[in-house]
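Participant: For the sequence shown, my numbering assigns the number 23 to the initial residue and increments by one for each residue that follows. Using N, Cα and C, we set each Cβ at its ideal position, and we do this for glycine too. Structure in structure tokens, see below.
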Amino acid sequence: MYSEKVMDHFNNPRNVGEIENASGVGTVGNAKCGDIMRIYLDIDEDSKIIKDCKFKTFGCGAAVATSSMATELVKGKTVNEALTVTNKAVMEALDGLPPVKVHCSLLAEEAIHAALWDYAQKNNIVIEGLKEPKADIHDGEEEIEE
Numbered sequence: 023m024y025s026e027k028v029m030d031h032f033n034n035p036r037n038v039g040e041i042e043n044a045s046g047v048g049t050v051g052n053a054k055c056g057d058i059m060r061i062y063l064d065i066d067e068d069s070k071i072i073k074d075c076k077f078k079t080f081g082c083g084a085a086v087a088t089s090s091m092a093t094e095l096v097k098g099k100t101v102n103e104a105l106t107v108t109n110k111a112v113m114e115a116l117d118g119l120p121p122v123k124v125h126c127s128l129l130a131e132e133a134i135h136a137a138l139w140d141y142a143q144k145n146n147i148v149i150e151g152l153k154e155p156k157a158d159i160h161d162g163e164e165e166i167e168e
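Next comes the structure, spelled out in structure tokens:
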């Protein structure tokens, strides 16, 4: 069962779309469930504040809701503040997710990090604490035999 906030962000997603000439764009996916999330950031060059954030997501309702909430959480924040937005923060802001949908919040966190990474690469800067993103959130995990 989904919370009212999850349903609201699924039915009325915020910040859907693309940003032309975005400061940073991050795309991540989950091969196991087929979700793909792309986050666009428009970052003020002087203040390093995220002026705008948009997303495009192909996936389930929870993927759309977590994308929507993630954009809300980083808008108006500095690059360093945006880096601290975790999947737990996204889940808490949505009043929780069913256990089988927690991976959607991980996708949202990784998409933010991927967009910040793209921004750092384009501007030849280092954002302390930012690691190179994975294209698939399961990259590096060992396959578990069933």
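Starting from C126 and walking both ways along the alpha helix (DSSP H), at which residues does that stretch end?
Facilitator: In the sequence shown, residue 126 corresponds to position 104, counting from 1. Taken as a continuous stretch (DSSP letters only), the alpha helix (DSSP H) holding C126 covers V124 to N145.
Participant: Applying the 10 Å Cβ sphere with the 16-neighbour rule, what's the burial state of D88?
Facilitator: Taking the first residue of the sequence shown as 1, we reach residue 88 at position 66. The sequence shown places Thr at residue 88, rather than the Asp named in the question. Flag for T88 reads buried.
Participant: In this structure, how does DSSP classify L63 when only helix, strand and coil are distinguished?
Facilitator: The sequence position of residue 63 within the sequence shown is 41, counting from 1. Of the three classes helix, strand and coil, the one that applies to L63 here is strand, per DSSP.
Participant: Report the option in A142, Q143, I159 and A137 whose CA atom is closest to the CA atom of R60.
Facilitator: In the sequence shown, the residue the question calls residue 60 occupies position 38. Considering only alpha carbons, the answer is A137.
Participant: Report yes if the C-beta distance between G96 and K70 is below 7 Å; otherwise report no.
Facilitator: Residue 96 sits at position 74 when you count from the first residue of the sequence shown. Residue 70 sits at position 48 when you count from the first residue of the sequence shown. In the sequence under discussion, the amino acid at residue 96 is Val, which differs from the Gly named in the question. Not a contact, by the Cβ cut-off of 7 Å.
Participant: Would the beta-carbon of L105 fall within 7 Å of that of L63?
Facilitator: Stepping through the sequence shown from its first residue, residue 105 is reached at position 83. Stepping through the sequence shown from its first residue, residue 63 is reached at position 41. No, the pair does not count as a contact, with Cβ atoms beyond the cut-off.
Participant: So is N145 buried or exposed if we call it buried at 16+ other beta carbons inside 10 Å?
Facilitator: The residue given as residue 145 occupies position 123 in the sequence shown. It is exposed - the Cβ of N145 has fewer than 16 other Cβ atoms within 10 Å.
Participant: What would DSSP say about K73, mapped onto helix, strand or coil?
Facilitator: Position 51 of the sequence shown, counting from 1, holds the residue named residue 73. DSSP places K73 in strand when its eight states are reduced to three.
Participant: Does the distance from the C-beta atom of Y141 to that of G46 stay below 7 Å?
Facilitator: Locating residue 141 in the sequence shown gives position 119, where the first residue counts as 1. Locating residue 46 in the sequence shown gives position 24, where the first residue counts as 1. In contact: Y141 and G46 (Cβ atoms closer than 7 Å).
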